[in-house]
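Please read the structure below before turning to the comments.
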Amino acid sequence: MQEVLVIIVIGLLLFNWRKLPDFAGSIGKALTSFKKGLEGQEKTETPPAEQPEADARKTQGQDAQPKS
2 MQEVLVIIVI
12 GLLLFNWRKL
22 PDFAGSIGKA
32 LTSFKKGLEG
42 QEKTETPPAE
52 QPEADARKTQ
62 GQDAQPKS
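Per our numbering, the very first residue in the sequence shown carries number 2; after that it's consecutive.
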(Lines of atoms letter the chains of each structure in order from A and count residues from 1; the text may use other names and numbers.)
(Lines give C-alpha, C1' and ligand atoms only; values in the text may rest on other atoms or scores of the structure.)
Protein backbone atom coordinates (compact mmCIF):
# COMPACT_ATOMS: atom_id res chain seq x y z
CA MET A 1 0.00 0.00 0.00
CA GLN A 2 2.90 2.32 0.71
CA GLU A 3 4.24 1.83 -2.79
CA VAL A 4 0.97 3.04 -4.28
CA LEU A 5 1.06 6.21 -2.18
CA VAL A 6 4.65 6.90 -3.24
CA ILE A 7 3.72 6.47 -6.90
CA ILE A 8 0.73 8.81 -6.51
CA VAL A 9 2.85 11.50 -4.84
CA ILE A 10 5.53 11.24 -7.53
CA GLY A 11 2.83 11.42 -10.20
CA LEU A 12 1.38 14.55 -8.64
CA LEU A 13 4.80 16.18 -8.53
CA LEU A 14 5.59 15.27 -12.14
CA PHE A 15 2.24 16.21 -13.66
CA ASN A 16 1.50 19.43 -11.79
CA TRP A 17 -1.70 19.70 -9.76
CA ARG A 18 -3.57 21.73 -12.38
CA LYS A 19 -2.91 19.36 -15.25
CA LEU A 20 -3.85 16.22 -13.34
CA PRO A 21 -7.65 16.36 -13.99
CA ASP A 22 -7.00 16.86 -17.71
CA PHE A 23 -4.60 13.93 -17.68
CA ALA A 24 -7.11 11.67 -15.90
CA GLY A 25 -9.86 12.72 -18.32
CA SER A 26 -7.73 11.89 -21.35
CA ILE A 27 -6.91 8.47 -19.91
CA GLY A 28 -10.62 7.80 -19.35
CA LYS A 29 -11.47 8.79 -22.93
CA ALA A 30 -8.67 6.60 -24.27
CA LEU A 31 -9.88 3.57 -22.30
CA THR A 32 -13.46 4.10 -23.46
CA SER A 33 -12.34 4.36 -27.07
CA PHE A 34 -10.21 1.24 -26.69
CA LYS A 35 -13.11 -0.79 -25.27
CA LYS A 36 -15.43 0.34 -28.07
CA GLY A 37 -12.78 -0.66 -30.59
CA LEU A 38 -12.49 -4.13 -29.07
CA GLU A 39 -16.27 -4.61 -29.15
CA GLY A 40 -16.41 -3.58 -32.80
CA GLN A 41 -13.55 -5.89 -33.69
CA GLU A 42 -15.22 -8.89 -32.05
CA LYS A 43 -18.45 -8.26 -33.93
CA THR A 44 -16.75 -8.02 -37.34
CA GLU A 45 -14.51 -11.05 -36.91
CA THR A 46 -17.24 -13.47 -35.83
CA PRO A 47 -19.44 -14.54 -38.76
CA PRO A 48 -23.03 -15.43 -37.99
CA ALA A 49 -23.43 -19.06 -37.02
CA GLU A 50 -25.15 -21.33 -39.46
CA GLN A 51 -28.00 -23.52 -38.29
CA PRO A 52 -26.88 -27.12 -38.94
CA GLU A 53 -29.98 -28.57 -37.22
CA ALA A 54 -32.32 -27.01 -39.76
CA ASP A 55 -30.19 -28.36 -42.63
CA ALA A 56 -30.17 -31.83 -41.05
CA ARG A 57 -33.96 -31.84 -40.72
CA LYS A 58 -34.36 -30.95 -44.39
CA THR A 59 -32.14 -33.80 -45.53
CA GLN A 60 -33.77 -36.29 -43.16
CA GLY A 61 -37.21 -35.32 -44.43
CA GLN A 62 -36.14 -35.93 -48.03
CA ASP A 63 -34.65 -39.33 -47.22
CA ALA A 64 -37.76 -40.45 -45.31
CA GLN A 65 -40.07 -39.95 -48.31
CA PRO A 66 -40.69 -43.10 -50.35
CA LYS A 67 -39.23 -43.07 -53.81
CA SER A 68 -41.60 -44.09 -56.57
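Note that CB positions come from ideal geometry on N, CA and C, so glycine has one too.
Contact between L14 and L21 is ruled out by a C-beta separation of about 11 Å, above the 8 Å threshold.
For F16, the CB contacts under 8 Å within the same chain, skipping 5 residues up- and downstream, are F24 in chain order. Linking S34 to I8 through their CA atoms gives a straight-line distance of about 26 Å. Residues of the same chain with a CB within less than 8 Å of the CB of G41, apart from the 5 flanking positions on each side, do not exist.
For L32, same chain residues with a beta-carbon under 8 Å away, outside a window of 5 residues either side, do not exist.
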